[in-house]
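Contents: one structure, followed by commentary.
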């Protein structure tokens, strides 16, 4: 199993540009989520999904869109990049039941800089 | 409002001393609680978790945590720390926080543990 994969690892955008951060998992996890990590702020939940076709907003959803057309993929779209979106982005996934339920598997992260 | 709160942003401690990292959660429904560790320039690794059962949970690397429902707390403890424990530690809670009726995982702000020789 590859686990949770994220692409790209690094990205530099100009203000106003759009892009999609890719996330995929091969563990058949129902739950997938996106976090951003900023110094002193911990990990803040952007969007999450409890299954294909079901998404919901987290703590900081503004400026981001998601969709979940398959169990495996959960892309995060930045609609019009702003310097405030400079951050490290983590994708995570987990089961929703069982003894391993809710235990998150994290991707390696995407470091995004918006100039 | 923050649903998982870590009260200390930094905790300095000498090697071989005991340490406790504080974590409180706010929720009117049952939660599942986790501690994750992030070493410099690395991703997050699960230390331990509380889903149900015994309130004292043991994890990897000699860490343990105790779920206290009345105090809505889940402090992380280690009786004797090592230099290699220097890292950032995150408390996280799974629950239906706020107005949402869908479970989600919320993290605290993180605590940097600095172990000094």
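Residue numbers (this note's numbering), protein chains in the order written: chain A, 5 to 119; chain B, 1361 to 1477. For each residue, glycine too, the CB sits at the ideal point set by N, CA and C.
Task: Closest by C-alpha distance to residue 1399 (chain B), when choosing among B:1477, B:1440, B:1449, B:1455 - done: The residue from B:1477, B:1440, B:1449, B:1455 with its alpha-carbon nearest to that of residue 1399 (chain B) is B:1449.
Open item on the list: Can you tell me where the beta strand (DSSP E) holding residue 1438 (chain B) begins and where it ends?
Closed with: It spans 1436–1438 - the beta strand (DSSP E) in which residue 1438 (chain B) sits, taken as one unbroken run.
Task: residue 62 (chain A) versus residue 41 (chain A) - alpha carbon distance - done: Residue 62 (chain A) and residue 41 (chain A): Cα-Cα distance of roughly 14 angstroms.
TODO: Drop a sphere of 10 angstroms on the beta-carbon of residue 108 (chain A), count the other beta-carbons inside from all chains shown, and report buried for 16 or more, exposed for fewer.
DONE: Buried, by the Cβ-count rule.
TODO: Decide if residue 72 (chain A) is buried, meaning its Cβ has at least 16 other Cβ atoms within 10 Å, or exposed.
DONE: Answer is buried; the Cβ neighbour count reaches 16.
Open item on the list: Measuring only from the beta carbon, is residue 1438 (chain B) closer than 7 angstroms to any heavy atom that is part of the ligand MG?
Closed with: In the structure on display, the ligand MG does not appear, and there are no ligands present to speak of.
Open item on the list: Cβ closer than 8 angstroms: which chain B residues qualify as neighbours of residue 64 (chain A)?
Closed with: For residue 64 (chain A), no chain B residue has a C-beta closer than 8 angstroms to its own C-beta; the minimum C-beta separation is roughly 12 angstroms.
Task: Own chain residues within Cβ distance below 6 angstroms of residue 1417 (chain B), not counting five before or after - done: Around residue 1417 (chain B): 1408, 1410, 1425.
Open item on the list: When you compare the CB of residue 14 (chain A) with every CB in chain B, is at least one pair closer than 8 angstroms?
Closed with: Residue contact check for residue 14 (chain A) against chain B: no CB pair falls below 8 angstroms.
Task: Residue interval of the beta strand (DSSP E) (run including residue 1420 (chain B)) - done: In the DSSP assignment, residue 1420 (chain B) falls outside any beta strand (DSSP E), carrying neither H nor E.
Open item on the list: What would DSSP say about residue 1400 (chain B), mapped onto helix, strand or coil?
Closed with: DSSP, reduced to helix, strand and coil, places residue 1400 (chain B) outside both helices and strands of the structure shown, so it counts as coil.
Task: For residue 1392 (chain B) and residue 106 (chain A), believed in contact at Cβ under 8 angstroms, the rounded distance - done: Confirmed, about 5 angstroms.
Open item on the list: For residue 14 (chain A) and residue 1403 (chain B), what's the separation of their Cα atoms in angstroms?
Closed with: Their backbone Cα atoms lie some 15 angstroms apart in a straight line.
- [ ] Check the Cβ of residue 1449 (chain B) against every Cβ in chain A and list those closer than 8 angstroms, keeping chain order.
- [x] Going along chain A, no residue has its Cβ under 8 angstroms from residue 1449 (chain B), so there is no contact; the nearest lies around 10 angstroms.
Open item on the list: Between residue 84 (chain A) and residue 22 (chain A), how many whole angstroms is the CB-CB distance? I'm expecting something under 8 angstroms.
Closed with: About 6 angstroms separates the two Cβ atoms, so the contact holds.
- [ ] Could you list the residues in the stretch 1419–1433 of chain B with a C-beta less than 7 angstroms from some C-beta on chain A, going in chain order?
- [x] Identification of residues in the stretch 1419–1433 of chain B having a C-beta nearer than 7 angstroms to some C-beta of chain A yields an empty set.
Task: Chain-ordered neighbours of residue 1370 (chain B) on chain A, where CB pairs are closer than 8 angstroms - done: Going along chain A, no residue has its Cβ under 8 angstroms from residue 1370 (chain B), so there is no contact; the nearest lies around 10 angstroms.
TODO: Could you spell out where the beta strand (DSSP E) holding residue 36 (chain A) opens and where it closes?
DONE: Following the DSSP letters along the chain, one finds residue 36 (chain A) inside the beta strand (DSSP E) bounded by residues 35–42.
TODO: Tell me where the beta strand (DSSP E) around residue 1464 (chain B) begins and ends.
DONE: From DSSP, the beta strand (DSSP E) with residue 1464 (chain B) extends over 1464–1467.
- [ ] Could you tell me which chain A residues have their CB closer than 8 angstroms to the CB of residue 1469 (chain B), listed as they occur along the chain?
- [x] In chain order: 44, 45, 46.
- [ ] Alpha carbon to alpha carbon, how far is residue 1468 (chain B) from residue 1445 (chain B)? Give it in angstroms, no decimals.
- [x] The straight-line gap from Cα to Cα measures roughly 19 angstroms.
Open item on the list: Any C-beta of chain A within less than 7 angstroms: which residues of the stretch 1391–1408 of chain B qualify?
Closed with: Cβ contacts with chain A come from 1392, 1403, 1404, 1406.
Open item on the list: Taking only three categories from DSSP, how would you classify residue 88 (chain A)?
Closed with: Helix.
Task: Cα-Cα separation, residue 33 (chain A) to residue 1477 (chain B) - done: Whole-angstrom Cα-Cα distance: 42 angstroms.
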